[in-house]
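Throughout the sequence shown, residue numbering follows this note's numbering, covering 141 to 443 in sequence.
Virtual Cβ for every residue (Gly too), placed ideally from N, Cα, C.
Here the structure is a predicted model, which means the values were calculated and not measured.
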Amino acid sequence: MNERENSIRKDDRSVTVIGLGPMGQAMTRTLLAAGRPVTVWNRTAARADGVVADGATPAATPKQAVEASDLVILSLTDYRAMYDILGGATASLAGRTLVNLSSDTPDRSREAAAWAEGHGAAFLTGGVMVPAPMVGTEAAFVYYSGRERVMESHRAALALLGVPKYLGGDPGLAQMMYQAQLAVFLTTLSGLMHATAMLGSAGMKAREALPELLSSADSIGDILRAGEENVPGTALDAGEHPGDLSTVTMMGATSDHIVETSRSLGLDLALPLAVQGHYRRAIENGHGGDNWTRIIDSIRGAR
């Protein structure tokens, strides 16, 4: 059988998914459920068995997978994996669109876009903002950046995974938003575990503590929205930090108490000391009477 006969027939509506971890599998099944032909490839071939049983077509090589579709979605550990996998298939990239939904840095996203375009492919950076079980549901949304015309040409297929939120032409922007969202998410998780450890030292079980703590976490958005009559962040953009509510000094005193309590309990101090540092630097710089948002100055650092 020659290469032409051994190739996978391409359908205009077909999609290729490379990388079949939980997210890649979820995306594949979502696309299949919508009637899209899907070709898949994964370095550990056995990971494709489940989605192949559901109707996906397995590709023998990355080259074959790329050539099966004009739209190629990558769901990998990082951007280095893209080069490792597609390095031997660069001759097949011309005229296709790579949508990389892997996590990495904004700079590496920009480098990847240049690499793809250097091989004649269009490139979109994406960040999926829901866990795998929620892909394709009404709650799912995905940030994208790159050339707008490329985004629009594939919007129908990408919308099946979640509501597409296009951020602009900079390929690094979607990755920046993804990392910013994870910064909020991961620090919140660390805060919840630190608080659970604090309460646990007083004999409170996690099943008793977490419902209370999660209620507090849920209310943060409403609290921040109530602090501004307009869109949250408007005062920040204007460089305004009115200290009529929660001042740096007040919040700093609270951070001091958290450090003292955590130290007395023998807990790890990395997180509370980092938070305390934000407020102490703002006070040292003469901004104790400003709103707590003034801590953004030291977080921004020298720019």
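Tell whether a beta-carbon distance below 9 Å holds between Val155 and Ser215.
no
Test item: CB-CB of Val239 and Tyr306 under 9 Å:
no
Whether Thr389 touches Gly428 by CB criterion (9 Å)
yes
For Pro311, which residues from the same chain have a beta carbon less than 7 Å from its beta carbon, with the 5 sequence-adjacent residues on both sides left out?
Ser249, Arg250, Ala253, Phe263, Thr265, Ser285 and Gly286
In chain order, which beta strand (DSSP E) runs of at least 3 residues are fully inside the stretch 142-230?
155-158, 178-181 and 211-214
So what does DSSP say about Val324, is it helix, strand or coil?
helix
Determine, using beta carbons only, whether Leu300 and Thr170 come nearer to each other than 9 Å.
yes
Starting from Ala262, trace the beta strand (DSSP E) in both directions and tell me its first and last residue.
Ala262 to Val268
Is it a yes or a no for the stretch 379-388 touching the stretch 419-434, going by three-plus beta-carbon pairs under 8 Å?
yes
Span of the beta strand (DSSP E) around Ser285:
Phe281 to Gly286
Whole angstroms are fine: how far does the CA of Gly373 sit from the CA of Ala366?
12 Å
For Thr336, which of helix, strand or coil comes out of DSSP?
helix
Those residues which DSSP pairs with Val303 across a bridge:
Phe281
Are the Cβ atoms of Met167 and Ile213 separated by less than 9 Å?
yes
Decide if Ile436 is buried, meaning its Cβ has at least 16 other Cβ atoms within 10 Å, or exposed.
exposed
Same chain, Cβ closer than 8 Å to Leu409, five either side skipped, listed in chain order
Val399, Ser402 and Arg403
By the 10 Å Cβ neighbour count, where 16 or more other Cβ atoms means buried, how is Ile439 classified, buried or exposed?
exposed
Could you give the C-beta distance for Ala335 and Leu353, rounded to a whole number, given that I count them as a contact under 8 Å?
5 Å
Give me the Cα-Cα distance between Asp210 and Val324, rounded to the nearest whole angstrom.
35 Å
Simplified DSSP assignment, three categories, for Thr401:
helix
Run through DSSP, which three-state label would Gly428 get?
coil
In terms of residues, what are the limits of the beta strand (DSSP E) holding Thr237?
Thr237 to Asn240
For Pro246, the first and last residue of its enclosing alpha helix (DSSP H):
Pro246 to Gly258
What are the boundary residues of the alpha helix (DSSP H) that Asp437 is part of?
Ile436 to Arg440
By DSSP's criteria, Thr387 is part of a beta bridge. Which residues make up the other side?
Asn431
DSSP state of Leu313 mapped onto helix, strand, coil:
helix
Going by other Cβ atoms of all chains shown within 10 Å of its Cβ, with 16 needed for buried, is Gln321 buried or exposed?
exposed
Under 8 Å Cβ to Cβ from Met141, same chain only, skipping five residues before and after it: list those, please.
Any reading at Met141 must be qualified, since the residue scores a pLDDT of 34, below 50, and its modelled position is unreliable; the value itself is stated next. Counting only Cβ-Cβ distances below 8 Å, and skipping sequence neighbours, we find nothing.
Spatially closest choice to His259 from Pro351, Ala231 and Thr197, by CA coordinates:
Ala231
Specify the secondary structure class of His381 as computed by DSSP and reduced to three states.
coil
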